[in-house]
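Chain order of the listed sequences is A and B.
With our numbering applied, the first sequence covers 1 to 574.
With our numbering applied, the second sequence covers 1001 to 1574.
From the three backbone atoms N, C-alpha and C, an ideal C-beta is built for every residue, glycine too.
Step one of this worksheet: look at the structure below.
There are 2 protein chains.
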Amino acid sequence: MEKIVRISLSDLSVKVEPVPPEWAWYGGRAVTSTIVAKEVPPNCHPLGPSNKLVFAPGLLAGTMASDTGRLSAGAKSPLTGGIKESSAGGLSAQMLARLQIKALIVEGLPKEDKWYRIHINKDGASIHEETELIGLGNYALQKVLEERLGKKFGALSIGQAGEFRMAAADISARDSSGTLRSHGRGGLGAVMGSKRVKVITLDDTGAAGVQVADPEKFKGAAKGWSQALLAHPGLSQGMRLFGTAQLVNAIHALGGLPTHNFRYGQYEQHEAISGETMRETIIARGGKPTHSCQPGCVIQCSQVYLDKDGNFVTSGIEYETIALLGANCKLGNLDAVAIADRLMDDIGVDSIDTSCAMGVAMEAGLLPFGDTEGVVRLLQEEIAKGTPLGRILGGGAALTGKAYGITRVPVAKNQAFPAYDPRAIKGIGVTYATSPMGADHTAGYTVGATLGGHVNGLKKEGQLGLSKGTQIATGAVDSLGLCQFSDMALADIPDAKTRMVELINARVGGNRTGEECFDGLGMYVLQTERQFNLKAGLTSEHDRLPEFMTTDPLPPHNEVFDFTNEELDSVWNS
Amino acid sequence: MEKIVRISLSDLSVKVEPVPPEWAWYGGRAVTSTIVAKEVPPNCHPLGPSNKLVFAPGLLAGTMASDTGRLSAGAKSPLTGGIKESSAGGLSAQMLARLQIKALIVEGLPKEDKWYRIHINKDGASIHEETELIGLGNYALQKVLEERLGKKFGALSIGQAGEFRMAAADISARDSSGTLRSHGRGGLGAVMGSKRVKVITLDDTGAAGVQVADPEKFKGAAKGWSQALLAHPGLSQGMRLFGTAQLVNAIHALGGLPTHNFRYGQYEQHEAISGETMRETIIARGGKPTHSCQPGCVIQCSQVYLDKDGNFVTSGIEYETIALLGANCKLGNLDAVAIADRLMDDIGVDSIDTSCAMGVAMEAGLLPFGDTEGVVRLLQEEIAKGTPLGRILGGGAALTGKAYGITRVPVAKNQAFPAYDPRAIKGIGVTYATSPMGADHTAGYTVGATLGGHVNGLKKEGQLGLSKGTQIATGAVDSLGLCQFSDMALADIPDAKTRMVELINARVGGNRTGEECFDGLGMYVLQTERQFNLKAGLTSEHDRLPEFMTTDPLPPHNEVFDFTNEELDSVWNS
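What follows is the structure, given as structure tokens:
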């Protein structure tokens, strides 16, 4: 039987609760957002006793279906002040699902000034006092845990940033190589730190496994689903060969590659940080150009990046980080980006918000654009140590902008922009503005349709509907445990959606239509989140981009983000 | 003829415009809020080119009527994100009024990286490039200006905090003794700094004077008004003898004196920081126990505080500062408070927000409670120098709380609480929550009625209506140029309101009723401000106090702030 595990830090108790029957079709984001909306007072302090940190595996996680093993983490965000869901790969979703845990709720605040580890296995959850682990970065933490637990375990952990309750602190998720994925956005690591939980460890040895209503039907559909994924050249070739870094040259070509703190849309040294260059570099050094963030993935868009001497630096070096450090901060080379990426993972800060914060810090004159040593120093000596400057930068781009009185601050709902400038890729700007998540490319990724020529990024035509549609689809994708890139197959490969609907019905036992499985679920998620946000004080007036986006033309196309407030409001009002 | 002077930093131009006839009855806050609401896009960046800084003398400023010389400053606030009005005494309102300037609008941003001084005299306004003045604190600035202009001039200036565009930066107003008053709240100094205006100097030599429609009637009413003020024992005795510091013992007795970062409502060493002790200390040292912040004041609640050696330290050492540093940060003696007060005036930071930020910094462990040397060091070495920690503290209590992940942060709409705990003086909590200004005791001062026994501060009964009524009255008081304390006469002395209505009608020329002059004007002001705030994203969900106010009982009465959201919303919805 699936269950909910509720852990209270207030009295160090563990409770196991039944799953409400109406949640049968929910997983991931649908579960976290339902629980947060139901149980967390929208006006509470995000770091106070009333906030709850909820983890939920996607509906299909732990099954044999490929690319369905994402884990959702949810809470009221210390960064946006609204509801937050942030998903990651790694092992934990599959382990939770096999342990038949539909949701893990972490609530309350400890009465004593102690830190804790939560351990979850087939016998249930237990809470252990920890002192040895405090102050460790995420990589050092993995080492200590490996000494205790061997190699095969799941872990959701915070680095120093989460301990310091910084608003850009994230939650790291251990993957099958022992490297790190991130629940990056919205400061969920600060919520975990406020509850003084350093790490949640998982062991699914002896787990009962996922209950699948119709295993035979599921098996056939899973095979078809994998074939559909592999049939998409963008996945089996582009993503697999170059990872998300393939976007560097593509977004440069669109004129939407953030450069010099969102001042330009193209970066002349883009080739030096491109996916093609990254692949060549990795191969030449004996790293892994393909790598999966979760067991069973057929896309394998991750990679293992080594330094010149062949030593491991980082895994899963994403386009966002490459572009926001490489072009936007003008670091201009992949080794610099990789070192900073590793540090951000280790300290446990969101690489998008922190990279944008570095751009704002450069704008403020704290260090020059292009100063790699400066970025490394700020990460190691300031953020990791919780100095005043570290507190500012670890608070994200918005806090950095406020502290230094900067107006060119790329944030929506206080959350930093991913690496697509909304003046050249207007649909993504609609998503940044209108998503209940704040600026988040994964909340409604219109970039694929722009690259595919379905819309012109420089024009408003079609962008509002495109953003809305992708936001709704993403609400479903995030609930099913699918990786974002499955969107590409779902959109382009005729068989993909059919197979996915078969998988869902075979998993739960029923006959839901594609409409119900996608649009119905996605709209439910978004409405739940928007209602929470309204009560938390985030209204349509927060569905806006910063003023400079609407006034400062972006070279080379010299467009501004020119949607009216009424047009933006029409996304959810129509 | 009254006029509007519009100064654009974008093209360094000065324009003189006529006053719309419908503004004849407006002054002060009614003028600043009207102009900000009309001309500033609610969603603009408060430090960007679209924000405007507006100064307007009260309707009666510059006349012979006592205690009517307040100046309103208004803009979109970098602290609250909403509309802001902050008033101060000093010379400038009277000078502007005598120069027949109904409003001074400072707009745009300079194209070049230069700083400016605006000078206003009978020949108009002029813009002068300044380099010598940059980096000076407000006291040193006065010295340099005195060398240039003599002793008799008005000045509105920013210290280092305003230059740094800190969200708690204020605007200093020179008074007739050459000491400083403050437009303290809401970060208006940052707006002035963003426009790179270091100081506005004023000289009313040869000014035409205020146009009074019926001078004879005005003269009679002015005499009656002064008598009404002096007839109030709270003004002619309490305020005059002890200044606002008379409140220390009174608020301690109510159990609402913020102590140890709003953890307790009483402070055992309250006698050491009381108004009585202050008066004795000042007299013993040869300072001035009474002093007027504006020429012609009959109350004279200000004072001149000297150190043990008889040297000037500060002027106008207010209850808020005494309580928030003395009790809430537990500095525990008046010399410590006076030194910090002088530094805050000099650097140009709001003493309420900065003192609360110190309390939050103590909560965060940055320095111990009671550490006077620490507070002085943070002011001199951090805030005044714009270090990272100075940027945090100069951003106010809210930013300090965010940077350090603290939940016990006494702010409403991001603005720090004055020195009345809303759990023991519940009406003031309603004002903090529901005022369009954010937490602001001067926006609707229910404390007088509580001390007078008209309401019980520990009970909810009568508080919602009391707050609403005082907020509306304050909207009028702030527009007329009246000092807050005239409220006491208006409430308690039967002749006061009659005389004030006579003054208003004699000034403008008309026959408005008391209802029109007070309730009508006050409601107009509040509605104008609330409509701006709604468009800026501040809804009823922002009319709330922080969670700890509703959950943590305040000793000794162990009350919480227990108004429901619906009750708070009823203030403006009913």
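(request) Pull up the distance between the alpha-carbon of A/ILE299 and that of A/LYS223, whole angstroms please. (result) 14 Å
(message) As a quick exercise: from A/THR131, A/LEU99, A/PRO110 and A/GLU112, pick the residue whose alpha carbon is nearest that of A/ASP123.
(response) A/LEU99
(request) Kindly indicate the opening and closing residues of the alpha helix (DSSP H) around A/GLN294. (result) That residue, A/GLN294, is in no alpha helix (DSSP H); it is neither H nor E in DSSP.
(request) Take every Cβ of the region 1384-1404 of chain B, pair it with every Cβ of the region 1208-1217 of chain B, and state whether three or more of those distances are shorter than 8 Å. (result) no
(message) Am I right that A/LEU71 and A/SER92 are in contact with their C-beta atoms under 8 Å? What's the rounded C-beta distance?
(response) 5 Å
(request) Please confirm if A/GLY537 has its CB atom under 8 Å from at least one CB of chain B. (result) yes
(message) Counting only Cβ pairs nearer than 7 Å, list the residues of chain A close to B/ASN1333.
(response) Per Cβ cutoff of 7 Å: no residues; B/ASN1333 is ~28 Å from chain A at best.
(request) Please check if any C-beta of chain B sits within less than 8 Å of the C-beta of A/CYS44. (result) yes
(message) Give me the subset of the region 1155-1174 of chain B whose CB atoms are less than 8 Å from a CB atom of chain A, sorted by chain position.
(response) PHE1164, ARG1165, MET1166 and ALA1167
(request) With DSSP as the reference, label A/HIS542 as helix, strand or coil. (result) helix
(message) Considering Cα atoms alone, identify which of B/ALA1491, B/ILE1392 and B/PHE1548 is closest to B/GLY1448.
(response) B/ALA1491
(message) Taking 8 Å as the limit between beta carbons, can you name the residues of its chain near B/GLU1132, skipping five residues before and five after?
(response) VAL1144
(message) Which residues of the region 395-411 of chain A have a Cβ closer than 7 Å to any Cβ of chain B? Give them in chain order.
(response) GLY395, LEU399, LYS402, ALA403, TYR404, GLY405 and THR407
(message) Given this structure, state the Cα-to-Cα distance separating A/ASN333 from A/PHE369, to the nearest angstrom.
(response) 13 Å
(request) Out of B/ALA1167, B/GLU1129, B/ALA1439 and B/SER1176, state which residue places its alpha-carbon closest to the alpha-carbon of B/GLU1146. (result) B/SER1176
(request) Determine the closest residue to B/GLY1135 out of B/THR1290, B/GLU1529, B/ASP1519 and B/GLY1159, with distance taken between C-alpha atoms. (result) B/GLY1159
(request) Out of A/GLY82, A/LEU257, A/GLY178 and A/ASN328, state which residue places its alpha-carbon closest to the alpha-carbon of A/ASN43. (result) A/GLY82
(request) Closer than 8 Å by beta-carbon distance: list the chain B residues that pair up with A/HIS119, in chain order. (result) Going along chain B, no residue has its Cβ under 8 Å from A/HIS119, so there is no contact; the nearest lies around 26 Å.
(request) Report yes if the CB atom of A/PRO388 is closer than 8 Å to the CB atom of B/LEU1343, and no otherwise. (result) no
(message) In chain order, what are the residue ranges of uninterrupted beta strand (DSSP E) at least 3 long that sit wholly in the region 43-96 of chain A?
(response) 52-57, 71-76 and 83-88
(request) Check whether the region 1195-1208 of chain B touches the region 1111-1131 of chain B, taking contact to mean three or more Cβ pairs, one atom from each stretch, closer than 8 Å. (result) yes
(message) Would you say B/GLU1541 lies against chain A (beta-carbon separation less than 8 Å)?
(response) yes
(request) Grab the span of the alpha helix (DSSP H) containing A/GLU147 for me, first residue to last. (result) 138-149
(message) Quick check: is the beta carbon of B/GLY1048 nearer than 8 Å to any beta carbon in chain D?
(response) Protein chains in the displayed structure are A and B, and chain D is not among them.
(request) Starting from the Cα of B/ALA1056, find the closest Cα among B/VAL1036, B/ILE1428 and B/PRO1041 and give me that residue. (result) B/VAL1036
(request) State the start and end residues of the unbroken beta strand (DSSP E) segment that holds B/LEU1180. (result) 1180-1183
(message) Need the endpoints of the alpha helix (DSSP H) that B/HIS1252 sits in, please.
(response) 1247-1254
(request) Could you check the C-alpha separation between A/VAL571 and A/SER226 for me, to the nearest Å? (result) 33 Å
(message) Please classify A/ASP562 as buried or exposed, where buried requires at least 16 other C-beta atoms within 10 Å of its C-beta.
(response) exposed
(request) Compare the C-beta of B/ILE1083 with all C-beta atoms of chain A and state if any pair is closer than 8 Å. (result) no
(message) Taking 8 Å as the cut-off, does the region 1284-1294 of chain B touch the region 1348-1359 of chain B (at least 3 CB pairs, one atom from each stretch)?
(response) no
(request) Pick helix, strand or coil for A/THR259, following the three-state DSSP scheme. (result) strand
(request) Less than 8 Å between the CB atoms is what I'm expecting for B/GLY1457 and B/ALA1433, so what's the real figure, rounded? (result) No, B/GLY1457 and B/ALA1433 are not in contact; Cβ-Cβ is about 15 Å, not under 8 Å.
(request) Would you mind telling me which residues of chain A sit closer than 8 Å to B/PRO1546, beta carbon to beta carbon, in chain order? (result) HIS45
(message) Can you look up B/SER1033 in the DSSP assignment and give me helix, strand or coil?
(response) helix
(request) For chain A, find out if any of its Cβ atoms is closer than 8 Å to the Cβ of B/ARG1377; answer yes or no. (result) no
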